Amino acid sequence: MKLSSADIARYVASDISDGSYVNLGIGMPMLVSDYIPEEREFILHTENGMLGMGPAAAEGEEDWDIVNAGKQAVSILQGGSYFHHADSFAMIRGGHIDISILGAYEVAANGDIANWLIPGPRPPAVGGAMDLVAGAKQVWVMLSSHVSKNGEPKVVESCALPLTGVGCVNRIYSDLAIIDITADGPLVTAMMEGLKREDLQAKTGAILNFVPKCEILKSFKNEA
Amino acid sequence: MKLSSADIARYVASDISDGSYVNLGIGMPMLVSDYIPEEREFILHTENGMLGMGPAAAEGEEDWDIVNAGKQAVSILQGGSYFHHADSFAMIRGGHIDISILGAYEVAANGDIANWLIPGPRPPAVGGAMDLVAGAKQVWVMLSSHVSKNGEPKVVESCALPLTGVGCVNRIYSDLAIIDITADGPLVTAMMEGLKREDLQAKTGAILNFVPKCEILKSFKNEA
Amino acid sequence: MAEIMADCNDLKDGATVMLGGFGDTGVAVKLVDALRELSLSDLTIVSNGAGGGEYGLALLIKSGSVGKIICSFPRSSDSKIFEELYAAGKIELETVPQGTLAERIRAGGAGIPAFYTATAFGTPLADGKEIRVFNDRHYVMERSICADIALVHAATGDRWGNLTYRSTARNFNPVMATAASTTLVEVRKLVDIVPPEEVITPGIFVDRMIEVGDYI
Amino acid sequence: MAEIMADCNDLKDGATVMLGGFGDTGVAVKLVDALRELSLSDLTIVSNGAGGGEYGLALLIKSGSVGKIICSFPRSSDSKIFEELYAAGKIELETVPQGTLAERIRAGGAGIPAFYTATAFGTPLADGKEIRVFNDRHYVMERSICADIALVHAATGDRWGNLTYRSTARNFNPVMATAASTTLVEVRKLVDIVPPEEVITPGIFVDRMIEVGDYI
């Protein structure tokens, strides 16, 4: 039993307070915007110069002047604003974004994150990831699966891949658990229903602590 | 025979090319805007956030949201723009202002300028003077009189007063002469009609060089 | 007015308070008045000037709430209140070049702890500061300034906190709005929506807002 | 188009050229095409990406004019041209975090030779850079970037050079406009006057402008 990416996005969304300024990374984190609880307003920031980002543009109605950080045509909500790149990253670097939500290859027990580069022949591309992890008030990582395709843990004692930032991750949402990164290391606060602590530990490359009473995560698939 | 402040302003204005971006200091430099040659357009910058500054507001018609660096009610011309203080001083510091025109207590042979502080009990106030002298492409100093009220030279070998900036003055316009500050020291390019070189030198605290054929300065008073 | 300051943890003795405006233009005078009524002590004020006349910042200083001022031009045609306290050694002053002041605040809001500027090199205002040469020119290292509170005066604002300003009443206001833990804004007019291309201060920088009308 | 580049001393072999835009949004494609026709060599391009497809920057790179790219994201769905030259060691790349890139350009335009940022500390992109601690946090010293030429795409412009942009087509354009010796602008529409409160790039930063219409 594992959470789907949509399930994970729903749990993430439920943990974001009303009125938060949130930057959603390209890919899986974008799903979070589909699960904003009705009574709450999140103001989405896209680092290419917009606050109040709205849903993707309908096919055939794209306005290619209004794009997100993934270069997809999106929309702007009431109350949004435009600004240039230096102002946009001043928001990020200056600690004004409440939560940056990103994917990762690896997260270490001390909050280090590696999510930008798998060494190889292709040119190294970083985008805004290093700015976001260094600048946002909170950095949350979404892992569509707790381990890699080869079964290697993504939550590790220390990252093997080139880092994106040091000691900056606050929380991990995976398909199996929600883990806070604390001064004492990873602290599991929620686990997939039916999963045993030792099973989660076996799939994790760092020593886990557990809150006395972990929340139980359930798939939402029947409600979708 | 000396130039009036208006005469000096007229000579300064005649040396500014069409289309220049100019910051006029409070006081005497403001007079320059009264003598812009008809066929030229100067774009006046005021460091509190406006380009395209126009004339002072007519009495009774002041709009106190539109002020210059001297906190006087002014106007904005067609083609002007507003911006905040950090952007305004980015223009200055970044070398985008063609000419900064200021008054001074002292200018040294190497271009040092002292124009902000006469030590005393009053609190030291600097405003934007240090930014302007360090940042503008050209710094021109206007001296309503070549010597102080006590007859002390204002153009000196080295400044006695606390500096505003080092090596930044390019040209001096006084009531007696126009002097370029060159790598070889002060170079007189124009002198009041009837004035002898040795008389100008006697009123100057630094050794003067002269161009072979100094321009002759004349009072415009009959034309005013 | 007082309610905008109620239960604000950043409003406390010893707080650093940024105050927008240039001369009398674009100053959040009604917020300053409300701040004075809190009778706090030992505030550090970051502002272009040190107040003139017997209103706004000058009155706040007179009330004894201010321990220090960081500004560029602490003299005006009528800056008696500050000058007397200064002469008596009862208030501390840090004079900063105007552009360096603006940039130190901008840096504070932008997460930049320090930067280099040629401004003030070789002058008394660089005394004690680190000097460094880049490309054969001397530069002074300047540190950012952050505040607990910014008091901002704007023209219009909407419920998201988006702001516009009117002409040179913009001045320090948008910069200071970015550099404080809590940004309090007096707007002349609350509007339904500030159009996205017209926003000068995005709402992310604004914490509380109050409509004050066109009192200027 | 070519006339906007005529007799421009900053357009020369080895020049540093800033190119606004993010992906395909807000890129001065027509100016890039005109630049390509000059057949310059050894250009350094400062841009967010390294071009995709077979147009604009990608074509300029293919033409052999580009020796180096300073950018944050030199990969796109179709960045073949750059990637092949990169793999062959025929083009130099400096990868810079996007926010650091924007701020280095802003610093270039603002006369700030260097600043400190926490971004990239502890990562390979800080290798060889000076590290310094402020308030118990580690920061990387970053140098400003200035250019000989900036190629800017704007929505409207007036005869004074004042510019507006449309929504996220703003991106790097206003920042780059401040940091080049010569700023060349393609505007979708020339207008009589950009109202002073609506100006995003004041004319002081603009050297030449050409109307290109709504080609996007």
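Residue numbers (my numbering), protein chains in the order written: chain H, 306 to 529; chain L, 306 to 529; chain B, 803 to 1018; chain W, 803 to 1018.
Cβ coordinates follow ideal geometry from the N, Cα and C atoms, glycine included.
All of these numbers come straight from a predicted model, not from anything done at the bench.
Min CB distance residue 434/L to chain W below 8 Å: no
Coarse secondary structure for residue 386/L, derived from DSSP in three states: strand
Proximal residues of chain W, C-beta to C-beta of residue 431/H below 9 Å: 874, 875, 897, 898, 899, 900, 922, 925 and 927
Beta-carbon proximity check, residue 319/L vs residue 334/L, cutoff 8 Å: no
Best match in 452/H, 499/H, 463/H and 358/H for proximity to residue 479/H [C-alpha to C-alpha]: 452/H
Range of the contiguous beta strand (DSSP E) that encloses residue 525/L: Unbroken run through residue 525/L: none, as it is neither H nor E.
The segment 422-430 of chain L contacting the segment 372-390 of chain L, beta-carbon criterion three pairs below 8 Å: no
Residues of the segment 819-837 of chain W whose Cβ lies closer than 8 Å to any Cβ of chain H, in chain order: Going along the segment 819-837 of chain W in chain order, one finds 824, 825, 826, 827 and 828 with a Cβ nearer than 8 Å to chain H.
Reduced DSSP category for residue 809/W - H, G, I as helix; E, B as strand; rest coil: coil
Residue-level contact to chain H via CB, residue 974/B, 8 Å cutoff: So no, residue 974/B is outside the interface.
Nearest-angstrom Cα separation, counted from residue 513/H out to residue 506/H: 6 Å
Burial state of residue 529/L, where buried means 16 or more other Cβ atoms lie within 10 Å: Confidence at residue 529/L is low in this model, with a pLDDT of 45, below 50, so the placement of that residue is unreliable and no value is reported for it.
Cβ contact (3+ pairs, closer than 8 Å) linking the segment 978-989 of chain W and the segment 820-835 of chain W: yes
Any 3 or more C-beta pairs closer than 8 Å across the segment 922-929 of chain W and the segment 886-903 of chain W: yes
Closer than 8 Å to chain W by CB, residue 329/L: no
Within-8 Å CB hit, residue 964/W to chain B: By this cut-off, residue 964/W is not an interface position.
Rounded C-alpha distance that separates residue 477/L from residue 469/L: 16 Å
Span of the beta strand (DSSP E) around residue 326/H: 326-329
Pair within 8 Å by beta-carbon distance, residue 498/H and residue 483/H: no
Under 9 Å from the C-beta of residue 420/L: neighbouring residues of chain B: Going along chain B, no residue has its Cβ under 9 Å from residue 420/L, so there is no contact; the nearest lies around 11 Å.
Same chain, Cβ closer than 6 Å to residue 995/W, neighbours up to 5 away in sequence not counted: 960
Counted within 10 angstroms of its Cβ, other Cβ atoms place residue 306/H as buried (16 or more) or exposed: exposed
The segment 994-1008 of chain W: positions lying closer than 8 Å to chain L by Cβ: 995, 996, 998, 999, 1001, 1004, 1005, 1006 and 1007
Closest by C-alpha distance to residue 332/L, when choosing among 374/L, 365/L and 458/L: Of the candidates 374/L, 365/L and 458/L, the one whose C-alpha sits nearest the C-alpha of residue 332/L is 374/L.
Contacts of residue 371/H in chain W (Cβ-Cβ under 7 Å): 969 and 970
Alpha helix (DSSP H) segment containing residue 911/W, residue limits: Residues 900-912.
CA nearest to the CA of residue 835/B, picked from 850/B, 815/B, 816/B and 807/B: Here the closest residue by C-alpha is 807/B.
Residue(s) in a DSSP beta bridge with residue 933/W: 942/W
Residue 1013/W, buried or exposed, once every other Cβ within 10 Å from all chains shown has been counted against 16: exposed
Inter-residue spacing [alpha-carbon to alpha-carbon] between residue 355/L and residue 340/H: 45 Å
Closest by C-alpha distance to residue 445/H, when choosing among 430/H, 432/H, 463/H and 412/H: The shortest Cα separation from residue 445/H among 430/H, 432/H, 463/H and 412/H belongs to 412/H.
Supposed contact pair residue 491/H and residue 414/H - C-beta distance, whole angstroms, cut 8 Å: 6 Å
Chain W contact residues for residue 442/H, given Cβ-Cβ distances below 8 Å: Under the 8 Å cutoff, chain W gives no residues; its nearest Cβ is about 13 Å from residue 442/H.
Environment of residue 988/W [buried if 16+ CB atoms lie within 10 Å]: buried
Given residue 812/B as reference, the closest of 923/B, 853/B, 898/B and 986/B once Cα atoms are compared: 986/B
Residue 841/B, DSSP secondary structure in three states: coil
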